[in-house]
Ligand code: SAM
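This is the structure in structure tokens:
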């Protein structure tokens, strides 16, 4: 037997991502509001609103983290049931506490679960949401295909994700913010500079806009489209089964 290097690199990366989110879980919500100036709430609302015409009853929130999208979707769309999955037990625990405080435990449940091997049968959910999650997937194509598999025919996926602004002047300001200011604040307030450096690095490497739409199409989604929000800092993407 000989050791094949990097054979488990995807698994290792997954473990690293989960541990990183475990370590910032307690400050995650506060940091989101602080670093985005609260605008992330507006982005989430807009993405969730894309599902309204569908009137989905059974919704899966992938990479649910501390459950913000699950909770907002509950109030915005009034479904029967929302299930959130995430690989970070630390993030989920904070989410569960919030859901309990809000008295929503009958409607929303959070489980440990991986986007790349979703433990539900084919054609289970009317709609799927993923906010700021796909960028962290270890294998994006696998995750997109799994979500497609568990989506009912006629069901809809909405992805919310950061993107890189295109307007030259704004791009300059934005890059300074993401390269220096956000990691600095992360170091100061979350005592974790690496996590916020990771945020920036993962955003630079990630396929966005037309490129992500192409990958969604390849994974099987139809009527895909995206919309840039707030000067293109963020985009939502839709696709149907
Ligand atoms: N959706 C939440 C929100 O909008 O605040 C959390 C987003 S947080 C930036 C990204 C989350 O993706 C983390 O909680 C992380 O544990 C999770 N994650 C990363 N890879 C995952 C995977 N393969 N399956 C499920 N969750 C994953």
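Residue numbers (full-length UniProt numbering): 7 to 247.
Just so it is clear, CB atoms sit at the ideal spot from N, CA and C, and this is done for glycine as well.
Beta-carbon gap between residue 27 and residue 78 smaller than 7 Å: no
Sufficient close CB pairs (3 or more, under 8 Å) joining the stretch 148-157 to the stretch 184-202: no
Rounded C-alpha distance that separates residue 36 from residue 102: 16 Å
First and last residue of the uninterrupted alpha helix (DSSP H) at residue 34: 15-42
Helix, strand or coil at residue 69 [DSSP, three-state]: Looking at residue 69 - three-state DSSP - the assignment turns out to be coil, as it is neither helix nor strand.
Identity of the residues DSSP links to residue 64 by a beta bridge: 87
Simplified DSSP assignment, three categories, for residue 168: strand
Simplified DSSP state of residue 247, which is helix, strand or coil: coil
Check whether residue 67 and residue 135 have beta carbons under 7 Å apart: Yes, Cβ-Cβ distance for residue 67 and residue 135 is below 7 Å.
Identity of the residue in 71, 63, 55, 62 nearest residue 118 by Cα: 71
Straight-line gap, residue 213 to residue 144 (C-alpha atoms, nearest Å): Using only the alpha carbons, I get a separation of about 13 Å.
Between the CA atoms of residue 240 and residue 176 - distance to the nearest angstrom: C-alpha separation (whole angstroms): 14 Å.
Through-space distance from residue 55 to residue 39, alpha-carbon basis: 20 Å
Residue 153 beta carbon near the ligand SAM (any heavy atom closer than 6 Å): no
Buried versus exposed, by CB contacts within 10 Å (16 or more), residue 197: exposed
heavy atom of the ligand SAM below 6 Å from residue 42 C-beta: no
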